Amino acid sequence: MSKRIGDCIIHSAMPKYPIFLDLTDRRVVLIGGGAVAVRKAHVLLDAGARLVIVTDQASDMLTGLCVERAAELVRAKYAKEYIAEAVLVIAATNDEKVNRQVYSDCQELGILCNVVDDPPLCDFFVPAVVRRGDLQIAIGTDGYCPAYAGHLRNKLEAIFTEQHGLFLAELEWARKQIIEEIANSADRKALLGELVEDASFECFTAHGSAAWRERARRRIESYKTGS
Numbered sequence: 001m002s003k004r005i006g007d008c009i010i011h012s013a014m015p016k017y018p019i020f021l022d023l024t025d026r027r028v029v030l031i032g033g034g035a036v037a038v039r040k041a042h043v044l045l046d047a048g049a050r051l052v053i054v055t056d057q058a059s060d061m062l063t064g065l066c067v068e069r070a071a072e073l074v075r076a077k078y079a080k081e082y083i084a085e086a087v088l089v090i091a092a093t094n095d096e097k098v099n100r101q102v103y104s105d106c107q108e109l110g111i112l113c114n115v116v117d118d119p120p121l122c123d124f125f126v127p128a129v130v131r132r133g134d135l136q137i138a139i140g141t142d143g144y145c146p147a148y149a150g151h152l153r154n155k156l157e158a159i160f161t162e163q164h165g166l167f168l169a170e171l172e173w174a175r176k177q178i179i180e181e182i183a184n185s186a187d188r189k190a191l192l193g194e195l196v197e198d199a200s201f202e203c204f205t206a207h208g209s210a211a212w213r214e215r216a217r218r219r220i221e222s223y224k225t226g227s
């Protein structure tokens, strides 16, 4: 697709489809054994992936991680057989030839692949993420200058605190009450709209969970009675 800026026409790739993917107990293969692979492994394991790491040059740090977190470490050079049945593959080696072979094999097998720091060899990009409990805010740059995504993440981390993650849990509690007790969809939407406002968050941070839930209950009751 393209867009015009002044007298210039800027051509860009088709926008990517952003998703949060559940990797719980699903096979993910990571090719590589250095510091980058260690960072990727931590994130994948945190997401619950059944991680297989393939490398003939495993660092002590990576070896220790595999022992500590029960990841499978295959001490071997990359071969196509190792990515069979994977839902995702990440190539994080410093060997361009190996990385290209991994990508080619993934294309043949219909497996989504990310080759670190090589956007043309990526079916997906890993965003910079702000995590506050169950609240996740992802920043993507379509593979362009990941450092900028990291910079924006740092700015957002100063705005969104752990309180926002705790507040999300309260909102989910209220949402369930609203769905159960209020039949009218427009009323549900209106009340949820009230509860997610900044004033509601400020009430939560100032007075705590119990007081916020009491306030939410009053609003639910008022919608039920039409008052």
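Its first residue numbered 1, the sequence shown is counted upward by one per residue in our numbering. Where a beta carbon is used, it is the ideal one built from N, C-alpha and C, also for glycine. Predicted, not measured: the structure shown is a model, and the values here were computed from it.
Opposing strand residues paired with R27 [DSSP bridges]: BP columns for R27 point to R50.
Spatial distance of K16 from T141 (CA atoms): Here the alpha carbons of T141 and K16 stand approximately 10 Å from one another.
Which of helix, strand or coil DSSP assigns to T141: T141: coil per DSSP, three-state reduction.
For C122, the residue or residues it bridges with in DSSP: For C122, which the question treats as bridged, DSSP gives the partners N114.
contact_flag[the segment 21 to 32, the segment 93 to 113] where n(CB pairs < 8 Å) is 3 or more: Yes: the two stretches touch, three or more of their Cβ pairs being nearer than 8 Å.
Distance CB(L73)-CB(T63) smaller than 8 Å: For L73 and T63, yes; Cβs fall inside 8 Å.
Separation of R218 from G165, as counted between CA atoms: Cα to Cα, the separation comes out at about 23 Å.
Under 8 Å between C-beta atoms of I111 and V126: The Cβ-Cβ distance between I111 and V126 does not fall below 8 Å.
C203 to L152 span [Cα, whole Å]: When rounded, the distance between both Cα atoms is 28 Å.
A70 - DSSP class collapsed to helix/strand/coil: DSSP places A70 in coil when its eight states are reduced to three.
Cβ-Cβ separation, C113 to G143 (assumed contact under 8 Å), whole Å: Between C113 and G143 the Cβ distance is about 13 Å, and since that is not below 8 Å, they are no contact.
Residue environment, Y78, which counts as buried when at least 16 other CB atoms sit within 10 Å: Y78 should be labelled buried.
For A38, the residue or residues it bridges with in DSSP: The sequence as given places Val at residue 38; Ala does not occur at that position. The partner list for V38 (beta bridge, DSSP) is empty, contrary to what the question assumes.
For V102, three-class secondary structure by DSSP: Here V102 sits in helix by DSSP.
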